[in-house]
Amino acid sequence: MPQHTREIHLAARPVGEPKPSDFRLVEVDLPDPGPSELLVRNTWMSVDPYMRGRMNAARSYAAPYEVGEPLYGGAIGEVLATGDERFAVGDVVLHQAGWREHAVVSARAASVVETGGAPVQYALGALGMPGLTAYTGLQLASLREGDVVFVSGAAGAVGSMAAQLAKLRGNTVIGSAGTPTKVASLRDELGLDAAFDYHDGPVAELLARAAPDGIDVYFDNVGGEHLEAAIGAMRDYGRIAVCGSISGYNATEPPPGPRNMSLVVGKRLTLRGFIVLDHDDLRPEFVREAGPALADGRIVVRETVRDGLEAAPQALIDLLRGENVGKMLVRLG
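Residues in the sequence shown are numbered consecutively from 287, following our numbering.
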């Protein structure tokens, strides 16, 4: 019989910061799964910065969300019914039909969750897309032991993993964050060599104090003033992995670019933008490196958890405001 459930739909395209009225909680009835389909009861859903870009009409590397349709993203759930013999009722699977309590998903788009005994939600965070993003960026930046590494947004899901992976490889790591509590966590819990609150002054000055001899690698989650400061602090032949630019995601006008791009030539810098979807081949080596470090506590995992589907829109709004520590998750059941 059809499954009665609830979904979050995009009610309107945001102008600037998303508002609760840009989302709508909708009740629907789902059909029984057909051949090669699964009915899943979601237990965890991911909230990620990239979701803000998909709320706009413009196409980028992924299609935008459609007004009047459910949002989607990474989720974990229990199989309630299956039309594919590769899956059994009770299997816990990872898929992309988040923002809803139940979903009918293609079996091809689902995989059984394996976290090696770690909490299942790690498949959405430290052992999932954010962790792989962090690993990929460091690989593309040709990280070498002894580098001085700057990670912006280092208290977030991706930044915290990038900072800790760089530290484990024998590097000096500096992080920025948006509150004194986050800065203290970066130093005291994650073991970074230095950290600063970017509200405390011009980022270029704060970074110069933390890294007076310059930096070799910058992992960019923020863009804007952070990117300009990093270019200024780079040593010759420095490398920048550009993961995101959350500082401009809610902007209504194009934010100004770095004013010191001429230094890219003089310092012979390398700037590499990347999308983690292009680098799934790195997943096995990422798991080999990060898995043991997570298991024995050398990598610390921080999560911000909200409960209930109705909390998901505010969770995204708060994420874009920087009110999360570590991975932002919504627990559905």
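Built from N, CA and C at the ideal position, the CB exists for glycine as well.
Take the alpha-carbon of Ala396 and the one of Asp502: they are about 39 angstroms apart.
Bounds of the alpha helix (DSSP H) holding Ile603 are 598-606. According to the DSSP assignment, Met520 belongs to the beta strand (DSSP E) that extends over 520-528. The Cβ atoms of Val528 and Gly559 lie closer than 7 angstroms to each other.
In this structure Leu454 is in contact with Ala579, their Cβ atoms being roughly 6 angstroms apart against a cut-off of 8 angstroms.
Close CB contacts of Ala496 within its chain, under the 7 angstroms cut and outside five residues either way in sequence, are with Ile460, Ala480, Phe482 (chain order). Relative to Asp499, the option among Glu400, Asp522, Ile294 whose CA is nearest is Asp522. Under the DSSP assignment, Ser548 falls in the alpha helix (DSSP H) whose first and last residues are 548-552. Per DSSP, the continuous alpha helix (DSSP H) segment holding Thr467 begins and ends at 466-474. Counting of Cβ neighbours within 10 angstroms places Pro319 among the buried residues, the total reaching 16 or more. Taking 3 residues as the shortest admissible run, the stretch 430-454 contains the following complete beta strand (DSSP E) segments, listed from N- to C-terminal end: 434-437. In the displayed model, Glu313 falls within a strand according to three-state DSSP. About 7 angstroms separates the beta carbons of Ala298 and Val353, which is inside the 8 angstroms limit, making them a contact pair. The secondary-structure analysis by DSSP pairs Leu557 across a beta bridge with Ile526.
If you compare the alpha carbons of Arg310, Leu325, Leu311 with that of Pro317, the shortest gap goes to Leu325. By the neighbour-count criterion, in which a residue is buried when 16 or more other Cβ atoms sit within 10 angstroms of its Cβ, Met331 is buried.
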